[in-house]
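Undergrad: Got a structure for you, written out below as structure tokens; questions coming shortly.
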Amino acid sequence: MANNTINTIIVCGAGTMGSGIAQVAATAGFKVIQFDLNESMLVRAAESIEKSLQKFLEKGKIGTEAFKVAISNIHYTSDINECKGELVIEAIIENKEAKVGLFNQLFTINGPQLIVASNTSSISIDLIAESIAYPVQLVGMHFFNPAPIMKLVEVIKGKYTSPAIVQQIADLSILMQKAPVICKDSPGFIVNRVARPYYLEAMHLVQTGKATIEQVDAILASIGFKMGPFKLMDLIGLDINYSVSTIVWEDLGKPLRLKPASIQKDKIDQGLLGVKTKIGFYQYEK
66 MANNTINTII VCGAGTMGSG IAQVAATAGF KVIQFDLNES MLVRAAESIE KSLQKFLEKG
126 KIGTEAFKVA ISNIHYTSDI NECKGELVIE AIIENKEAKV GLFNQLFTIN GPQLIVASNT
186 SSISIDLIAE SIAYPVQLVG MHFFNPAPIM KLVEVIKGKY TSPAIVQQIA DLSILMQKAP
246 VICKDSPGFI VNRVARPYYL EAMHLVQTGK ATIEQVDAIL ASIGFKMGPF KLMDLIGLDI
306 NYSVSTIVWE DLGKPLRLKP ASIQKDKIDQ GLLGVKTKIG FYQYEK
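Per the numbering used here, the sequence shown starts with residue 66, numbered consecutively.
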């Protein structure tokens, strides 16, 4: 599998997902430009990536030389004019207009041959494509948190996406030691569509007093789930998880069974977003 001249990957967004994707790409041997307008986010991303790679080194998953190469492969910048490469993977806020604006800026800088991949959890690839300069160049490349560990990548083909680009991104995912699944554009794609009842039914049980948060998580963990739904929502971020639920619910015609949970919205309104704010459904050490 050739990477078809993808040498430099621009990763936009230096949050948990963006920095994780940057680490994955750098470890796979690609030059990476990690872009974020927020300088402090870039500092945190650099610290987070080095800490994560250090753990991989200590566990013997990478060698000393690979550790050094991965670190050196990443350039951090808040200047969008430095974002020059063959592929961009965006992991910014879940807002269509923000993604469209970013892609069009990057097309201006890089030209129409740039491949633009969105890590969106639930926004329609087709809707984004309809507002960008070169819709055939857009593909979904949905990683899962934490990106350096989770193997699955959903490669989403929109109705405008070049089939050659879909295959190129699937091949690239394998080069990154990921397991790609190609799917069509639809609300929530595959994983987030299937996962809605996992979260929503769990919150319904708690909201109606049928069980506690701890009971639900303990029972599901006991039958083989890596973690229960409440711990998982805290890890993902309650705001992100709620946004996905809302988009899927609205795009499917607002069925009652998929209505977002008020107990989750209440947490968000209080600024309690999970691990990233040190408190969500659970409290974490500060």
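Here a beta-carbon is modelled for each residue, glycine too, at the ideal position from N, C-alpha and C.
Treat the numbers as computed from the prediction; the structure is a model and nothing was measured.
1. Using CA atoms only, rank isn't needed, just tell me which of Asn306, Ile284 and Arg258 is closest to Leu22.
2. Please return the same chain residues whose Cβ sits closer than 7 Å to the Cβ of Ile381, not counting the five positions on each side in sequence.
3. Three Cβ pairs or more, each shorter than 8 Å: is that satisfied between the region 272-288 and the region 303-318?
4. Can you name, in chain order, every residue of its own chain whose Cβ lies under 7 Å from the Cβ of Ile193, other than the five neighbours on each side?
5. By the three-class DSSP mapping on this structure, what secondary structure does Thr173 have?
6. Please list the terminal residues of the continuous beta strand (DSSP E) segment that includes Gln99.
7. Nearest CA to the CA of Ala198: which residue from Leu167, Pro213, Pro262 and Ala135?
8. Quick check on Gln280: does DSSP put it in helix, strand or coil?
9. Under 7 Å Cβ to Cβ from Lys216, same chain only, skipping five residues before and after it: list those, please.
10. Can you find the residues in the same chain that come closer than 7 Å, C-beta to C-beta, to Ile234, ignoring five residues on each side of it along the sequence?
11. When you compare each of Phe209, Gly128, Gly302 and Ser189 to Tyr225 by their alpha carbons, which one comes out closest?
12. Tell me which residues share the same chain as Gly125 and place their Cβ nearer than 8 Å to its Cβ, disregarding the 5 neighbours each side in the sequence.
13. Straight-line CA distance for Gly85 to Thr273?
14. Considering only their Cβ atoms, is the gap separating Asp299 from Val340 smaller than 9 Å?
15. Give the straight-line distance between the Cα atoms of Ile158 and Gly128, rounded to the nearest whole angstrom.
16. Could you compute how far the alpha carbon of His140 sits from the alpha carbon of Gln280?
17. In the DSSP assignment, what are the bridge partners of His207?
18. What is the rounded straight-line gap between the Cα of Val108 and the Cα of Ile312?
19. By how many angstroms is the C-alpha of Gly94 removed from the C-alpha of Met66?
20. Ile145 and Ala91: beta carbons closer than 9 Å?
21. Buried or exposed, going by whether 16 or more other CB atoms sit within 10 Å of the CB of Met292?
22. Are the beta-carbon atoms of Ile56 and Glu151 separated by less than 9 Å?
23. Determine the DSSP secondary structure at Leu152, reduced to helix, strand or coil.
24. Inspect the beta-carbon positions of Asp191 and Asp250 and report whether they are closer than 9 Å.
25. Would you list the residues sitting across from Gly339 in a DSSP beta bridge?
26. Going by CA-CA distance only, name the one from Gln232, Arg258 and Ser310 that's closest to Lys330.
27. Out of curiosity, what's the CA-to-CA distance linking Tyr347 and Asn306?
TA: By the coordinates alone:
1. The structure shown does not extend to residue 22, since the chain spans only 66 to 351, so no value can be given for it.
2. Outside the shown range of the chain (66 to 351) lies residue 381, about which nothing can therefore be said.
3. No: the two stretches stay apart, fewer than three of their Cβ pairs being nearer than 8 Å.
4. Taken in chain order, the residues that qualify are Lys161, Lys164, Val165, Ser183 and Leu203.
5. Helix at Thr173.
6. Looking at the DSSP string, the run of the beta strand (DSSP E) that includes Gln99 is Lys96 to Phe100.
7. Of the residues Leu167, Pro213, Pro262 and Ala135, the one whose Cα lies closest to the Cα of Ala198 is Leu167.
8. Here Gln280 sits in helix by DSSP.
9. Taking Lys216 as the centre and dropping the five residues before and after it, the same chain places the C-beta of Lys243 and Ala244 closer than 7 Å to its C-beta, in chain order.
10. For Ile234, same chain residues with a beta-carbon under 7 Å away, outside a window of 5 residues either side, are Ala182, Val204, Met206 and Val220 in chain order.
11. Residue Ser189 is the option with its Cα nearest to Tyr225.
12. Closer than 8 Å at the Cβ level, and outside the excluded window around Gly125, lies no residue.
13. Gly85 and Thr273 have their C-alpha atoms some 37 Å from each other.
14. Yes. Within cutoff.
15. Pairing Ile158 with Gly128, the inter-Cα distance amounts to about 34 Å.
16. Computed Cα separation, rounded: 45 Å.
17. His207 is bridged by DSSP to Glu219.
18. CA-to-CA, the gap between Val108 and Ile312 works out to about 32 Å.
19. In this prediction, Met66 has a pLDDT of 39, which is less than 50 and means its spatial position is unreliable; what the coordinates show is noted afterwards. Cα to Cα, the separation comes out at about 15 Å.
20. Not closer than 9 Å, so no.
21. Under this definition Met292 is an exposed residue.
22. What the structure shows of the chain is the stretch from 66 to 351, and residue 56 is not part of that stretch, so it cannot be assessed.
23. In the structure shown, Leu152 falls within a strand segment according to DSSP collapsed to helix, strand and coil.
24. Cβ distance < 9 Å, so Asp191 and Asp250 count as in contact.
25. Beta-bridge pairing by DSSP links Gly339 to Ile344.
26. Checking every option, the nearest Cα to that of Lys330 belongs to Ser310.
27. Cα-Cα distance, rounded: 15 Å.
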